Each structure stands twice: as structure tokens, then as C-alpha cells.
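Reviewing the structure listed below.
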Amino acid sequence: MSKVNVFELLTLIKAANGDPSAMTDAIWEAGYRQPERTAEEAAKITISVFFYCNSLGMPKDFWPRDYDSVLQNELMKAVLGEDDELHEAEPAAIAKNVIRAGFTKTV
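Sequential numbering of the sequence shown, starting at 74, is according to the working numbering.
Shown next as C-alpha cells:
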């Protein structure tokens, strides 16, 4: 079973004081996840993330280490929004992005 507690999500986002990484970590630690993916979907998203890291020339030390890291990257994308820039977004807008991306709290 899963649910979305908008007030909890807003509290987590506000507590991060505008730091996208802190928001992502707090939301992840609170148990928010996207629905399970098929093996094919999991492979595609993993490949996509690795191509993205490679295209940015990121040092390999910063690449995802495991599948959970790949999924956390998906959460970071939701936190940052469509253009991968936080742009001082309001916490409510960030929460909407996270919910729109399918993240719910796993109970």
C-alpha cells in the first residue's frame, strides 16, 4: 500500500532549505518511491542514467553505484523539475513534481 502525505512532503522539502540534494535524500529516507518497474523498464532507466552521466563527463565516482542510486536519480529529476534546474521553485511546486513523477510513500 502507498500514500501521499502532501504536508509531510512539503515539510521535508522546506527543511532542506533549497538544497536539491538534501530534498532528495530526505524524501528518499522518508520512504517515497515510484511503482515497481519491469525488468525491461529497469534496464532502460539504468542505461539512460549511465548515458546521461557519460554525456556530462561526470567522473565515474559520481555515477550511480546500484539500482537504488538509479532510482534516487529519478527522484532528483523530479525535485529539479523538467529543465533540471531548481530555479528557486516553491516547495508546493516541487511537491507537485514529485507526486506527478509517481512517487508515493511506501507503507
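Using N, Cα and C, we set each Cβ at its ideal position, and we do this for glycine too.
Given the structure is predicted, the values throughout are model-derived calculations rather than measurements.
- Boundaries around lysine 150 are those of the alpha helix (DSSP H), 140-153, since no beta strand (DSSP E) includes it.
- Looking from the CA of valine 79, the closest CA among Ile172, Asp141, Val180 belongs to Ile172.
- In its chain, beyond the 5 residues on either side, Leu83 have a beta carbon closer than 8 Å to the beta carbon of alanine 165.
- The count of Cβ pairs closer than 8 Å, one atom from the region 101-116 and one from the region 127-137, stays below three, leaving the stretches out of contact.
- Residue pairing by DSSP places threonine 84 in no beta bridge whatsoever.
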